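Notes follow once the structure below has been shown.
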Amino acid sequence: MNLNYFDWFLIAILGCSTVMAFVRGLLIELFGLGGLIAGVLLASWNYPALAAVLGHVITETAIANVVAFLLIAVGVMILSALVGKALHHTADAIGLGIFDRLLGAVFGYLRGCLLCVAILMSITAFLPPTTAVAKSSLTPYFLAGAHAVSFVVPHDLRQLILNGAEQLKHTAPDWIKRHE
């Protein structure tokens, strides 16, 4: 298997994500992700109430809305991170730290795979295929993931992804190619 610079780029993403999640542990990673999701959702629903309170200090409505949204989102993320950190330290204290870290590495690898799929989705949808991407040994595997994920994106974007993937498909292993 000959690897080109695009392959090494994908490997670096997978490696960094895996190592970072191993170091941090599953609990911190999950609470970080959960805090991000909860923060955005809670901010989306509750920023008007806080913006009204901030309106006494910040006269520009748009700025009050932005500040309120960010305060709620970041506040929830910080609280979630603190809970994750406390649980991580508890897991370490009772001897479960290595399991937390190993499961964190698995989580990090899966997150890295999803990031590689997102990168390939954007490349296939919006850029003409380059030689590096077309000749990449790893592209076909992430193309299969991009194809699977494309079913949950808007129809126009899905078509762009599928058209771009079709141009790269000739380099895929037989088990990935659709047999007709």
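Take 184 as the starting number for the sequence shown in this note's numbering and just add one per residue.
Glycine included, C-beta positions come from ideal geometry on N, C-alpha and C.
Computed from a predicted model, the values in this text were never measured in an experiment.
Supposed contact pair residue j and residue i - C-beta distance, whole angstroms, cut 8 Å
i: Ile246; j: Asn229; result: Not quite, the Cβ-Cβ distance comes to about 17 Å (not below 8 Å), so this is no contact.
i: Leu351; j: Pro312; result: 5 Å
i: Thr322; j: Leu303; result: 7 Å
i: Gly222; j: Val259; result: 4 Å
i: Phe214; j: Val266; result: 6 Å
i: Ser263; j: Gly217; result: 6 Å
i: Ala234; j: Asn248; result: 5 Å
i: Ala315; j: Asn185; result: No, Ala315 and Asn185 are not in contact; Cβ-Cβ is about 12 Å, not under 8 Å.
i: Arg284; j: Phe192; result: Going by Cβ atoms, the distance from Arg284 to Phe192 rounds to 26 Å, so no, they are not a contact pair.
i: Cys299; j: Phe325; result: 5 Å
Start and end residues, alpha helix (DSSP H) containing residue i
i: Lys318; result: Neither: Lys318 is in no alpha helix (DSSP H) and is coded neither H nor E.
i: Ile241; result: Run containing Ile241: none; DSSP gives neither H nor E here.
i: Asn346; result: His338 to Leu351
i: Thr201; result: Tyr188 to Arg207
i: Phe290; result: Gly280 to Phe309
Touch test, the stretch 202-212 against the stretch 229-238, Cβ-Cβ under 8 Å, three pairs minimum: no
Contact the stretch 185-198 vs the stretch 251-271: 3+ CB pairs below 8 Å: no
Contact between the stretch 336-349 and the stretch 301-321 (3+ Cβ pairs under 8 Å): yes
Runs of alpha helix (DSSP H) wholly within the stretch 214-274 (minimum 4 residues, chain order): Listed in chain order, nothing qualifies, since the stretch 214-274 has no complete alpha helix (DSSP H) run of 4 or more residues.
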